[in-house]
Structure formats: structure tokens, C-alpha cells
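Data first, discussion second: the structure below is written as C-alpha cells.
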Amino acid sequence: MTTTVPGIPAARGASATLGPAELLHRLRARSADPAGISPVKHVEQVPARPGRPVPWPDWAAPPVVAALAGRGIVEPWEHQVSAAELARAGSHVVLATGTASGKSMAYQLPALTALVEDPRATVLYLSPTKALAADQLRALVRLGVDGVRPATYDGDTPREEREWIRQHSRFVLTNPDMLHHALLPGHARWGAFLRRLRYVVIDECHTYRGVFGSHVAHVLRRLRRVAARYGSEPTFILASATSGDPAEAAGRLTGLPVRAVTEDASPRGATTFALWEPPLLPPELDDLAAELPRVRRSALSETADLLTDAVVAGTRTLAFVRSRRGAEVVATMTRRALDEAVPGLGARVAAYRAGYLKEDRRAIERALLTGDLLALASTNALELGVDLVGLDAVLICGYPGTRASLWQQAGRAGRAGGEALAVLVARDDPLDTYLVHHPEALFGRPVEATVLDPTNPYVLGPQLCCAAAEAPLTKTDLDLFGGAPALAAVQALTESGALRRRPSGWYWTHRGRPDVDLRGTGGAPVSVVESATGRLLGTVDQGSSHAMLHTGAVYLHQGVSYLVDNLDLADAVALVHAAEPDWSTHARDVTDLSVVSIREYVDAGPVGLFLGEVDVTNQVVSYQRRRIGSGEVIDTRPLDLPPRELRTVAVWFTLSPNLLARSGVEPPDVPGALHAAEHAAIGLLPLMATCDRWDIGGLSTANHQDTEAPTVFVYDGHPGGAGFAERAYGTAAAWLRATREAISSCGCETGCPSCVQSPKCGNGNNPLDKRGAVKVLDAVLAALPTHPAGTETGPALAAADA
Ligand SMILES: [Zn+2]
Ligand SMILES: [Zn+2]
């Protein structure tokens, strides 16, 4: 039977299937670089891995084993049992393995066994999204272990069901926001549940990063404190995507010693993984005359070409594109190219995105399975629980930000037991450039760590108020919340009248509960509202709102683009309407920075490396509209926004003017050299910590009033800091070395978006001196000890030194 999809003719015969090596060969053969440089920078053969099954542990309750076996699990994988054994023995444990490695079972086994053994024991499960909690609930219901009565407890739970859940459910699935707003403040009503709390499961714990992660860290400490009041000390089981040092991150999050299990023992098919850098475009005569930097072919055009070739070769291919508009562009370009080659062939390519009706999506999925469709260009809507299997190849247009997402997307390729091809197509961006030239950073041990900072005073103070409102704070409690910084915060709160000291502890003095938002610091987040429907699309923290939501900005939400009609700062609302203009917007700003205090420093002679508090004043003053594709500037429009003050944490380095001169950076070139180094350093920080460019800011100057030296600052974009600058300081040598490599390995002459240009530069990328930046970084690296803060350098990067 043939499935018909509107506009898609039926398949003409079965598609020939090429092996990944042959397919890659064809793709490479057709790509035409004028200089004859291969776009393939690296090919990694990720070998097939046989699974390592182990027997069920003897302590596993028979009804639980029977239920899991009933779901088709004959034997667990080794990592599942390793994590389960630790949890069973009362060790807090984090399981950090790949997607689809069966992390759920690792917590289900000990948790459900405990519920079977003790008919009154309870388990609390936290997930970052309602959708994931609903998914886990379905899995638990299907397992059908008697007497567990699993239930989700979130904002959508009807009031009349809540009482029943508190009294009878023994496996409650909720989220940190609900824990913070409902469960902890109302702990008296949860007494019976908390008294018997055996396990706390924290799923997808790598998503708790930055300011949000710092808040969640305190919510978990509040949970531990309240549970202890009812006499329980639950064991924490955390599940994480693979990341650098998961034990350390989980320890910071929970405040407990956590053991990590990281050896993935689930089976996987072999994948050929190619790293692809689009060629530089031949220079235009006009550009040569104007000495404009050469640019690369856009990742979108390159992906469309590769997709075209893959379809011609008859392989089923999926291209991941970051925005919905980008996905549509790739699909359209591919269709056009195919129709030119073979009229009608273009109809076997479709775009796929969130927002399609369920029936349309199902029809597309079926068409892909039957071979009626050969290729899809998709946003990451596919990650949202759609099951597409049996693809021959996956093209990833632009690094998706974290290794976890990269592997998740690459994992879509591969028929059962078969081989697959994955290609990462680099965008014009320093991080993408670095990665395609340094495969060890992708395929070696991961270095990016989930960072958060529970000592952030803007998080700590409000959280201590919440804790005090739940039960008076004692001296002993303060150790739980971080010791000395917590004591200082409590004293400040007592002086300001928020808390009152009595012999039995510190009390919350107000009637209502403290109003604390987990998703930000410093002011209410700005709501993004669709004018026509009044629908709330999402929120943006105040700090980013000026640059992202100014009137006239193009705002992307889940791959859909909107135009901002009005940003109302007083009401913290941005009104938008859906629109797909053919331009993007880029805010311009002016920044001033002063050093408040120095926390730590490394004195390396003519070079200094510092971590400390700074005050940043930033004002978004105008924005540019640029044509999508060509990047041509259409116009620059002024904005009338107030300056924003930010006290935060920064890392900075200084060099003596003498050292700069000795390194061959002449005084007139110093500003451009420092500025270029700053941009690239910001672009590469996501290699060390899970953040993106928008979480961090920078400032460089040939002579700063506080350091009295040429200085490059990189600061956390969130009040009080979110851990990014601290991580940058701790890994400074590896971070700056990667930055230097990213710049020097870029084939451009004078700097391009792949190395030193920044899409969010407040100065329009001027001045920038690419070669000067390499000299600056060489001078800094030569002076710095390899382990500046005595912590670590990424092992993968250390390998890159050789
Ligand atoms: Zn470049
Ligand atoms: Zn800049």
C-alpha cells in the first residue's frame, strides 16, 4: 500500500542504499572548493559497541524484575546495575551516559524495589519539563507494579486530585518550580510523604545550570532540610547527559558527595562521523578593493547541497537546522536543485517542524518510512519525542551547542544493526570552526561541564528567605546552605528586616511567602506575548531583554520567528507578532566596567589572571538589520533604552605594554588585538562550560582605569554570576589555548565570523586584529602556568597540545 502525502508523489522503486563511506566519498567528490581544499576536516569511525548485559541483582524485587521483563527487558546493561547498586547501598549517584542508554531503568530498579519492600516508602521524581514527567509517568503506569500509585503533581494537576496524591501516591513526579512554590512551602501537608521519602530522582540534571541551576541547588537543600525535620534522609539518584565531571556538578547541585557512573554499556551501531567546513567563497573584486574579509559559503547552502547529493544517491537523509526558517530554506533550495536534475524529484523532500498538525507529522513520518520521502530538513522538533528510525544519514547544520544534543541528533541515523553517516557542517562561528579542526574535543572525553554557583548572593539571599519561611533557620542549617556566605547573607537579611533573630533561630518576618523566581535574578523576567492571541510564548530574563526583545527585534521561539512590536519595560512585556522577514536584527551597545573586588589571581610576571566582582553598565543604543544569507546591512536604527547596571563575576587577564611590544603588537594594533582575542574567547567558553554566547559578555581595552594595563574582561551576564567566569578562570590555560587554536587554524586572512568576529559585538566588530590576537594569546599562554587555579585542564585539549 502506498501512503499519499499532499504534494508528494509515490516512490519510484526502492532506494539504493550506499554505505556511509561510499556516500561520504560522493559528497566530497561533488563539493567544489576553488582552492582544491577538502571540506572534510576529519572522519571519525565510531565503532559499533556490543551491549554488556549483566544479570539482575539479587536484591531486585521479583515483581519489579517481572514488570521490566514484561516490557521486553531480558537483562539490564551493566551501567544500569552499577548505578542501581550504588543507590541501593545508600550512595548518592549520578548516571551520565548517552541518550537512549536506559537511564530510567537505573532509578526504577532501586526505587520500585524500595516501594515493594516497604509498603509505606515514597519516591520523589523531578524533571525539568512537564512533558518528560508525563512520559515517565506513562512508563511507570505501564510497568504496573502494585501499590505504587504514581502521579504527576504540577501546575496542571486539578485541586481535587492534589489531596489524593499527597495522601496516597508513593511515586510523585514533579518539577523544581512546583517543589519551590507548592510542595516545600506546604510541607506540613506533605508530612506523611516526606517522612517515608527514600529516594529523590533528578532527571536530566545537566539542564540545571547557570542561575536557574543555582536556584535549584538551594531548592534541593531546602528539600533535604525539610525532609530531615520529618526524619528522612533520602538517597539522590541523578541522570545526566554525558558532560565533563558529572560527579562534581551533581555534588554542587545537591550539596552531597555523589558518585558517578559514566561507562555506557548499551549497544550502538557503527557511525562514520565527518566534520565538514564549507569553503571560503572566491573574493569579489569589490571586496578585494575594499579589503573586506572573505567569507565562507553559508552552512545552509552547504547543507542543501549535501542533502541534494544524498537524495540523488538514493539515501534517506535527515538534516537538522537550528531555526524553522533555516529548515524551510534548506528544503526549498534542495527541492529546486533536485527538480533541475530530475523533474519531480524535488517532491521527495520536505521540511518538518514543530507547529505542524499531528496528522501532517504522522503522514511525513510514514512517507519517510515507506521511501516516498527521501529527505527531511527539520528543526530540532524531532527531538521532542518523535520516533524516526531507519535513516541512512544525518546532516547537522551548525553545532547544536552541546555534545549531548550533537549525539542525540547524530543518533537518528542508523538502521537496526546497520551503519550510518553523520556530518557536522560548521557554521561561520569560532566554536564550530574550532570543533571541525579539533575532533578530539568532540570525540575525546568531554570537557564541557555543567556549571552553577550556589554562592551567588542574588540567589542565596532570596533562597534563605524561602527556607526561613518554611521553618526557622538555625546555625546548623547555614552549613547546609554554604557556610560563611550563608551566614553573611543571613546577617544582611536580618539588618534589612527581612529576617528576625530569636534564640531558636532566624525567622521570616513577613506574612506572605517570599516572592522568588527560579529562572532569574534581578527583576521579573520579560513576558513575550503574541498580540493577536494574547498567548504567552515564553519569558526572557531582564538582562537579555534589551538586546533580544527591543522594539523591531526578530525573536526566535522554538524555530518560529516573531517581530517585536513593542517592549514595555515597566510592565515587563514584549508584544510580538509572527513574521518571517528576510532580515535578522543585531543590537549595538556600549559597555563600561569597573572592578569591585578581586577574589583570586595568578601573578605571572608581565601577565595577570584574575577572578573577581565587577560592575558593568551596559546600554543597548541601536540595532542593525541584516539580510539573511548575504549578511548585507540594510540599515541601523536608534533605540531609546535605559542603561542597565549589573554586578557580576568576571575573569580577566592583563598584559604589560612592554610584553605586548616584545610580542610584536604595536601600540596602534593593541585595541584590535585585544578585542579580537576577547571575541574568540567568548565564542570558545561554551567548550568548557554549558553556556552560550548570550550568557556572557566581554570588554577589552588598551588601558583600563582599574587594572592600569591592557586588559580583556569576560563576565557572567547574570547578576551575581552564574559560574561561567569561575569555570573560565579554573580552566584558563585550556580555554585560552583553544581560543588561540580557533583563531590561528581559520583559513581567512584578516578575521571572519569563524574566528574573531562576533554576531553580538556592540561595536560592529571594529577594530579587530586577527594576527595580533594570536600574538596576545601566545604571550599570555607562555606566561601562565598550565594549571592556573590548581584545578584542571580538559583532557581532550591537553591532547591537542601534542
Ligand atoms: Zn577567520
Ligand atoms: Zn566586540
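Using my numbering, the letters of the sequence shown correspond one by one to residues 17 to 818.
From the three backbone atoms N, C-alpha and C, an ideal C-beta is built for every residue, glycine too.
Keep in mind that this is a model prediction, so the values were computed, not measured.
Problem set entry | 6 Å Cβ shell around Phe669 - same chain, five flanking residues per side excluded | Start at 1 with the first residue of the sequence shown, and residue 669 comes out as number 653. Excluding positions up to five away in sequence, the list reads Leu625, Val728, Val796.
For this session: To the nearest angstrom, report how far apart Leu657 and Val606 are at their CA atoms.
Result: Residue 657 sits at position 641 when you count from the first residue of the sequence shown. Residue 606 sits at position 590 when you count from the first residue of the sequence shown. Approximately 12 Å, taken between the alpha carbons.
Exercise. Regarding Ser672 and ligand 1, is the C-beta to nearest heavy atom distance less than 7 Å?
Worked result: In the sequence shown, counting from the first residue as 1, residue 672 sits at position 656. Remark: the shortest separation between the CB of Ser672 and any heavy atom of ligand 1 does not fall under 7 Å.
Exercise. Which residue or residues does DSSP assign as beta-bridge partners of Ile412?
Worked result: Along the sequence shown, read from residue 1 onward, the residue named residue 412 stands at position 396. Per DSSP, Phe336, Leu440.
For this session: For Cys221, verify whether its CB is less than 7 Å away from any heavy atom of ligand 2.
Result: Along the sequence shown, read from residue 1 onward, the residue named residue 221 stands at position 205. No, ligand 2 has no heavy atom inside 7 Å of this Cβ.
For this session: Select from Ala457, Gly780, Ser543, Pro519 the residue whose C-alpha is nearest the C-alpha of Leu641.
Result: Numbered from its first residue, the sequence shown carries residue 641 at position 625. The question names Leu, but residue 641 in the sequence shown is Arg. When only C-alpha atoms are compared, the closest one is Gly780.
Exercise. Can you tell me the Cα-Cα spacing of Ala514 and Arg529, whole angstroms?
Worked result: Indexing the sequence shown from 1 puts residue 514 at position 498. Indexing the sequence shown from 1 puts residue 529 at position 513. If I take the Cα positions, the gap works out to 11 Å.
Exercise. By DSSP, does Asn782 sit in helix, in strand, or in coil?
Worked result: Counting from one through the sequence shown, the residue named residue 782 turns up at place 766. Correct three-state label for Asn782: coil.
Problem set entry | Among Asp280, Ser560, Val580, the one whose alpha carbon lies nearest that of Gly67 | Along the sequence shown, read from residue 1 onward, the residue named residue 67 stands at position 51. For Gly67, the nearest C-alpha among the options comes from Asp280.
For this session: Specify whether the stretch 730 to 738 and the stretch 456 to 471 touch according to this definition: at least 3 beta carbon pairs, one from each stretch, less than 8 Å apart.
Result: yes
Exercise. Say the cut is 7 Å; is the CB of Gly778 nearer than that to a heavy atom of ligand 2?
Worked result: Walking along the sequence shown from the start, residue 778 turns up at place 762. Yes.
For this session: Please find out if some non-hydrogen atom of ligand 2 comes closer than 7 Å to the beta-carbon of Ser770.
Result: Taking the first residue of the sequence shown as position 1, residue 770 is located at position 754. Not one heavy atom of ligand 2 falls within 7 Å of the beta-carbon of Ser770.
Exercise. Does ligand 2 have a heavy atom nearer than 7 Å to the CB of His720?
Worked result: The residue you call residue 720 lines up with position 704 of the sequence shown. Flag unset: Cβ of His720 not near ligand 2.
For this session: For Ser520, count neighbouring C-beta atoms within 10 Å of its own C-beta (all shown protein chains included) and say buried if the count is 16 or more, exposed if not.
Result: Within the sequence shown, numbered from 1, the residue matching residue 520 stands at position 504. Under a 10 Å Cβ-count criterion, Ser520 is classified as exposed, with fewer than 16 other Cβ atoms of the shown protein chains found around its own Cβ.
Exercise. If Leu334 sits next to Val410, beta carbons under 8 Å apart, how far is it from one beta carbon to the other, in whole angstroms?
Worked result: Working through the sequence shown from its first residue, we reach residue 334 at position 318. Working through the sequence shown from its first residue, we reach residue 410 at position 394. Yes, they are in contact, since the Cβ atoms of Leu334 and Val410 sit about 5 Å apart, within 8 Å.
Exercise. Taking Cβ positions, are Pro36 and Ala436 nearer each other than 8 Å?
Worked result: Numbered from its first residue, the sequence shown carries residue 36 at position 20. Numbered from its first residue, the sequence shown carries residue 436 at position 420. Yes, the pair counts as a contact, with Cβ atoms nearer than the cut-off.
For this session: Report whether the distance from the Cβ of His602 to the nearest heavy atom of ligand 2 is below 7 Å.
Result: As a first step, residue 602 must be located in the sequence shown, where it is residue number 586. Result no, Cβ not under 7 Å from ligand 2.
Exercise. Candidates Lys786, Glu356, Arg338, Pro359: which alpha carbon is nearest Ala367's?
Worked result: Reading the sequence shown from its first residue, position 351 is the one you call residue 367. Of the candidates Lys786, Glu356, Arg338, Pro359, Arg338 places its Cα closest to the Cα of Ala367.
Exercise. Is it right to say Ser143 is buried, meaning 16 or more other beta carbons lie within 10 angstroms of its own, or is it exposed?
Worked result: Position 127 of the sequence shown, counted from the start, is the residue given in the question as residue 143. Ser143 is buried by the Cβ-count criterion.
For this session: Please report how far the alpha carbon of Val346 lies from the alpha carbon of Arg136, in whole angstroms.
Result: Locating residue 346 in the sequence shown gives position 330, counting from the first residue. Locating residue 136 in the sequence shown gives position 120, counting from the first residue. Val346 and Arg136: Cα-Cα distance of roughly 56 Å.
For this session: Tell me Trp180's beta-bridge partners as DSSP assigns them.
Result: Sequence index remark: in the sequence shown, residue 180 carries index 164 (1-based). DSSP lists no beta-bridge partner residue for Trp180.
Problem set entry | DSSP-derived helix/strand/coil call for Ser770 | What you label residue 770 is simply residue 754 of the sequence shown in a count that begins at 1. Coil.
For this session: Closer than 6 Å by C-beta to Ser774: which residues in its own chain qualify, once you throw out the five before and the five after it? Chain order, please.
Result: Residue mapping note: residue 774 aligns to position 758 of the sequence shown, counting from 1. Closer than 6 Å at the Cβ level, and outside the excluded window around Ser774, lie His695.
Exercise. Taking 7 Å as the cut-off, is the CB of Cys482 close to at least one heavy atom of ligand 1?
Worked result: Taking the first residue of the sequence shown as position 1, residue 482 is located at position 466. No, Cβ of Cys482 sits at least 7 Å from all heavy atoms of ligand 1.
Exercise. Shortest alpha-carbon distance to Pro541 belongs to which of His526, Arg643, His562, Arg527?
Worked result: Numbered from 1 along the sequence shown, position 525 holds the residue referred to as residue 541. Closest option to Pro541, Cα to Cα, is His562.
Exercise. So, helix, strand or coil for Ile644, using DSSP?
Worked result: The residue labelled residue 644 in the question sits at position 628 within the sequence shown. Coil, per DSSP.
Exercise. Using the C-alpha atoms, what's the distance from Tyr745 back to Arg850?
Worked result: The structure shown has nothing for residue 850, since the chain only spans 17 to 818.
Exercise. What is the residue span of the alpha helix (DSSP H) that Ala758 lies within?
Worked result: Taking the sequence shown and counting its residues from 1, one reaches residue 758 at position 742. Run containing Ala758: 748 to 760, per the alpha helix (DSSP H) assignment.
Problem set entry | Complete runs of the beta strand (DSSP E) confined to the stretch 36 to 101 [at least 3 residues] | 56 to 62
Exercise. Are the beta-carbon atoms belonging to Pro446 and Ala758 less than 8 Å from one another?
Worked result: As a working mapping, residue 446 is identified with position 430 in the sequence shown. As a working mapping, residue 758 is identified with position 742 in the sequence shown. Taking 8 Å as the Cβ cut-off, Pro446 and Ala758 qualify as a contacting pair.
Problem set entry | Limits of the beta strand (DSSP E) - the one that Trp292 falls within | In the sequence shown, residue 292 corresponds to position 276, counting from 1. From DSSP, the beta strand (DSSP E) with Trp292 extends over 287 to 292.
Problem set entry | His526 versus Asp493: straight-line alpha-carbon distance, rounded | The residue labelled residue 526 in the question sits at position 510 within the sequence shown. The residue labelled residue 493 in the question sits at position 477 within the sequence shown. Spanning the two alpha carbons is a distance of roughly 20 Å.
For this session: Figure out for me which residue from Gln124, Gly434, Val439 has the closest Cα to the Cα of Trp423.
Result: Here residue 423 refers to the residue found at position 407 when the sequence shown is read from its first residue. With distances taken between Cα atoms, Trp423 lies closest to Val439.
For this session: Rounded to whole angstroms, what's the CA-CA distance from Glu742 to Val164? Just pull it up for me.
Result: Walking along the sequence shown from the start, residue 742 turns up at place 726. Walking along the sequence shown from the start, residue 164 turns up at place 148. The straight-line gap from Cα to Cα measures roughly 43 Å.
Exercise. Sorry if obvious, but does the Cβ on Cys762 come closer than 7 Å to a heavy atom of ligand 3?
Worked result: Among the ligands modelled here, namely ligand 1 and ligand 2, ligand 3 does not occur.
Exercise. DSSP state of Gly342, grouped into three classes?
Worked result: Counting from 1 along the sequence shown, the entry for residue 342 is found at position 326. Residue state, collapsed to three classes: helix.
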